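Trainee: Convert by adding 1312 to the 1-based position in the sequence shown; the result is the number in the numbering used here. Positions of the beta carbon are idealized from the N, C-alpha and C atoms, including for glycine. Computed from a prediction, not measured in an experiment: that's the story for all the values here.
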Amino acid sequence: MAHWKEMKKEELEKQYSPSMWSHRMGKDEVITAHVTALSEGTKKAGSVAQTLLNVPYGEGDGEKLDIYLPACPPQDLALVIYIHGGYWQFFSKEESGFMAPPLVSRGIAVVAVDYDIAPKGSMDVMVSQVRRSVASIVQQYSHISGVYLCGHSAGGQLAAMVLSTDWSQYKVTPNIRGAVLVSGIYDLLPIISTYVNDPLKMTEEDAVRSSPVLLVPMLKRWFAGCEVVVAVAEHDSPEFRRQSREYFQVLECAGLKVSFEDVSNTDHFNVIEQLSDEDYHLTQVLLKMIRRTSVSHTWNHESQVEMHNTVTY
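1) Going by beta carbon distance, what residues of the same chain come within less than 7 Å of VAL1570, once the five residues before and after it are set aside?
2) Is it a yes or a no for the segment 1406-1418 touching the segment 1478-1495, going by three-plus beta-carbon pairs under 8 Å?
3) Does PRO1524 come out as helix, strand or coil in the three-state DSSP assignment?
4) Let me know if GLU1614 comes out buried or exposed under the rule of 16 or more other beta-carbons within 10 Å of its beta-carbon.
5) Determine the closest residue to ALA1383 out of GLY1419, GLN1441, PHE1581, ASP1518, with distance taken between C-alpha atoms.
6) Quick check on GLU1407: buried or exposed, where buried means 16 or more other Cβ atoms within 10 Å of its Cβ?
7) Please list the terminal residues of the continuous beta strand (DSSP E) segment that includes VAL1541.
8) If ASP1685 sits next to LYS1405, beta carbons under 8 Å apart, how far is it from one beta carbon to the other, in whole angstroms?
9) Assign ASN1582 to buried or exposed, taking buried as 16 or more other Cβ atoms, counted over all protein chains shown, within 10 Å of its Cβ.
10) Within its chain, find whatever has a CB closer than 7 Å to the CB of ASP1428; leave out the 5 residues flanking it on each side and keep chain order.
11) Are the beta-carbon atoms of SER1495 and PHE1552 separated by less than 8 Å?
12) So the beta strand (DSSP E) ILE1393 belongs to, where does it begin and stop?
13) Are the CB atoms of LEU1598 and VAL1492 within a distance shorter than 8 Å?
14) For THR1605, does the three-state DSSP call read helix, strand or coil?
15) So, do the segment 1571-1578 and the segment 1353-1370 have three or more beta carbon pairs nearer to each other than 8 Å?
16) Starting from the N-terminal side, write out each stretch of the beta strand (DSSP E) that is 3 residues or longer and does not extend beyond the segment 1393-1446.
17) Taking the C-alpha atoms as reference points, what is the distance between THR1477 and ARG1489?
18) List the endpoints of the continuous alpha helix (DSSP H) containing TYR1559.
19) Quick check: LEU1531 and ALA1519, are their CB atoms within less than 8 Å of each other?
20) In chain order, what residues of the same chain have a beta carbon less than 6 Å from the beta carbon of ALA1421, not counting five sequence neighbours either side?
21) Let me confirm a value: THR1344 is counted as buried when at least 16 other C-beta atoms fall within 10 Å, else exposed. Which label applies?
22) Assuming ASN1366 is part of the beta strand (DSSP E), what are its boundary residues?
23) Identify, in the order they occur along the chain, each residue of the same chain with its Cβ nearer than 6 Å to the Cβ of TYR1453, setting aside the five sequence neighbours on each side.
24) Would you report the Cα separation of GLY1409 and LYS1355, rounded to the nearest angstrom?
25) Check the C-beta distance from ILE1602 over to TYR1394 and give it rounded, since I have them as a contact under 8 Å.
26) Kindly indicate which residue of GLY1353, SER1457, ILE1503, VAL1544 has the alpha-carbon position closest to the one of TRP1400.
27) From what residue to what residue does the beta strand (DSSP E) around LEU1381 run?
28) Tell whether a beta-carbon distance below 8 Å holds between TYR1507 and SER1523.
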């Protein structure tokens, strides 16, 4: 395939239109189904977890969190922070709790982050907001045994930007032990000339400043021991797959703890939707990461069973 700089605008826009690459249904149908799956999954999460909704992490109207807690939180609480996708212009925390049920049933908290999507929020604003949301969470909950990031698509880029933060500018350095980045965009330069940038209005300088693939030294400085999983759908577009593979390779060359997951029989949408299923491959990848890296020594089979029994489905 031609390098993205050699592509005509029509081809580049096709490459960055995930709905056109689904193997399951048409482009309009797959988006409708995606919204339905995330909304219904989030509604279910509200019925199986203790919820703290609209928790502020800043003064802005959009700077809110939804927190999903286990019925009996363990003394050392592992916490997963989910940053939603939607090309920086769709979705919110209202559709972002879907992955909570299989996690809270094992004593893990889940936080869904809101940020000001475009055109209200610029890329710099969104990056700043997700960084501040993480800082706020760890300041509020002192008994967190480890923080784990999960981001999808645009949220994958934002989660990677959290990893690439200069934390000396904040009052706290979060104990981020792992990250699962799903079908993300890690180099924003290719999308500047596409429809994706219409509401964002990014300049080349903006794109460079917010491209995680160019900021790996900062990640290595602060989170050299963090486990990163770069995951991509089998039926993502060639450009999305290239982005994931190249980001993985840059992290690997930097000597970081990184693995690559090419998730079979998935597209850009159900690769994240299925995190509501405890048996799904990426759910198990996340659970095993937490089990390996969490400080808590109570995260064994017996405590999993006990915690599972406290949640009513």
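Mentor: By the coordinates alone:
1) Excluding residues within five positions, the ones whose Cβ falls inside 7 Å are VAL1540, VAL1542, PHE1560, LEU1563, GLU1564.
2) With a cut-off of 8 Å on Cβ pairs, the segment 1406-1418 is not in contact with the segment 1478-1495, counting fewer than three such pairs.
3) DSSP, read as helix, strand or coil, puts PRO1524 in helix.
4) In this prediction, GLU1614 scores a pLDDT of 36, lower than 50, which makes its location untrustworthy; no coordinate-derived value is stated.
5) Nearest Cα to ALA1383 within the set GLY1419, GLN1441, PHE1581, ASP1518: GLY1419.
6) The residue is buried, with at least 16 neighbouring Cβ atoms inside 10 Å.
7) Note, VAL1541: beta strand (DSSP E), 1539-1545.
8) Beyond the ends of the chain as shown, which are 1313 and 1625, falls residue 1685; an answer cannot be given.
9) Counting Cβ neighbours within 10 Å, ASN1582 comes out buried, since at least 16 surround it.
10) The answer, listed in chain order, is GLY1372, GLY1374, VAL1437, MET1438, GLN1441.
11) The answer is yes: Cβ separation under 8 Å.
12) Unbroken beta strand (DSSP E) run through ILE1393: 1389-1395.
13) Going by C-beta atoms, VAL1492 is nearer than 8 Å to LEU1598.
14) DSSP places THR1605 within a helical segment (H, G or I) once states are collapsed to three.
15) No: fewer than three Cβ pairs fall under 8 Å.
16) DSSP runs (the beta strand (DSSP E)) wholly in the segment 1393-1446: 1421-1425.
17) So the two alpha carbons sit approximately 15 Å from each other.
18) Per DSSP, TYR1559 belongs to the alpha helix (DSSP H) from 1550-1565.
19) Not in contact: LEU1531 and ALA1519 (Cβ atoms no closer than 8 Å).
20) Spatial neighbours of ALA1421 in its own chain (CB-CB distance under 6 Å, excluding positions within 5 residues in sequence) are listed in chain order as LEU1381, LEU1389, LEU1391.
21) Exposed: under 16 other Cβ atoms inside 10 Å.
22) From DSSP, the beta strand (DSSP E) with ASN1366 extends over 1362-1368.
23) Cβ within range, chain order: n/a, list empty.
24) Using only the alpha carbons, I get a separation of about 8 Å.
25) The pair is not a contact, with the Cβ atoms about 14 Å apart (cut-off 8 Å).
26) Out of GLY1353, SER1457, ILE1503, VAL1544, the CA that lies nearest to the CA of TRP1400 is found in ILE1503.
27) Unbroken beta strand (DSSP E) run through LEU1381: 1376-1381.
28) SER1523 sits away from TYR1507, with the two beta carbons spaced by 8 Å or more.
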